[in-house]
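K.L.:
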Amino acid sequence: MILLPKWGRTSRIIASPLIVLPVLVAYFGAVAPILPDFAAEMLNPDLDGVRTLLSSDAGTSAVWAQVLAWDLFIGRWMYLDSRERNIPALIMSPLLVLTILLSPFAVVIYLGLRTFYGKAVPETTKRAS
């Protein structure tokens, strides 16, 4: 998505939402050993309990994997949407890097770009050109 945005294989890989599956497997692997504590804290959260959970290696790993899955899923959506809107790859590549680092900021910037670039070009119009 970042280095080879127009390469044919990139589009095929990104087309499936299953791209986040490896990260989700890591997430479940991190959560499994602490599932009872994790579930109890997530079902009835309080700041001290979340702080305790995140202070453990397993808790930190689980949350980190969850954040990576979110960043990848959001980056995938931004990539696919930007292709439909013909947003240049030179603009999107740095924005996708920002998505990995600070996804909330990247999403806000991208939503602004979407407004600037307007509506997506329908797939049938692209093929006719």
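Here the sequence shown is numbered in our numbering, starting from 401 and rising by one per residue.
The beta carbon of each residue, even a glycine, is placed where N, CA and C say it ideally should be.
Nearest by alpha-carbon distance to Gly429: which of Thr460, Asp471, Leu490 is it?
P.N.:
Residue numbering aside, residue 429 sits at position 29 when the sequence shown is read from its first letter. Nearest C-alpha to Gly429: Thr460.
K.L.:
For a minimum of 3 consecutive residues, which ranges assigned as the beta strand (DSSP E) are wholly contained in the stretch 424-497?
P.N.:
none
K.L.:
Ignore the nearest five residues each way along the sequence and tell me which others in Ile413's own chain have a CB closer than 6 Å to its CB.
P.N.:
Mapped onto the sequence shown, residue 413 falls at position 13. Excluding sequence neighbours, Ile413 sits near nothing in its chain.
K.L.:
Would DSSP call Ser416 helix, strand or coil?
P.N.:
Locating residue 416 in the sequence shown gives position 16, counting from the first residue. Note: Ser416 maps to coil in three-state DSSP.
K.L.:
Quick check on this structure: which residue in Leu468, Leu424, Ala458, Lys519 has the alpha carbon closest to the alpha carbon of Arg485?
P.N.:
Within the sequence shown, residue 485 is the residue found at index 85, counting from 1. When only C-alpha atoms are compared, the closest one is Lys519.
K.L.:
With a 10 Å radius around its C-beta and 16 neighbouring C-beta atoms as the bar for buried, classify Val425 as buried or exposed.
P.N.:
Within the sequence shown, residue 425 is the residue found at index 25, counting from 1. It is exposed - the Cβ of Val425 has fewer than 16 other Cβ atoms within 10 Å.
K.L.:
Does Val446 pass the burial test, meaning 16 or more other C-beta atoms within 10 Å, or should it be called exposed?
P.N.:
Here residue 446 refers to the residue found at position 46 of the sequence shown. As written in the sequence, residue 446 is Asp, which differs from the Val given in the question. Looking at its Cβ environment, which holds fewer than 16 other Cβ atoms inside 10 Å, Asp446 is exposed.
K.L.:
Near Val420, which residues of its chain fall below 7 Å by C-beta distance, leaving aside the five closest residues on each side in sequence?
P.N.:
Taking the first residue of the sequence shown as 1, we reach residue 420 at position 20. Beyond the five residues adjoining it in sequence on each side, Val420 comes within less than 7 Å, by CB distance, of Ala469, Leu472, Phe473 in the same chain, given in chain order.
K.L.:
Helix, strand or coil for Val507, going by three-state DSSP, please let me know.
P.N.:
Position 107 of the sequence shown, counting from 1, holds the residue named residue 507. Helix at Val507.
K.L.:
What's the C-alpha gap between Arg514 and Pro436?
P.N.:
Taking the first residue of the sequence shown as 1, we reach residue 514 at position 114. Taking the first residue of the sequence shown as 1, we reach residue 436 at position 36. The straight-line gap from Cα to Cα measures roughly 42 Å.
K.L.:
What would DSSP say about Pro422, mapped onto helix, strand or coil?
P.N.:
On the sequence shown, residue 422 is found 22 positions in, with the first residue counted as 1. In this structure, Pro422 counts as helix in the three-state DSSP scheme.
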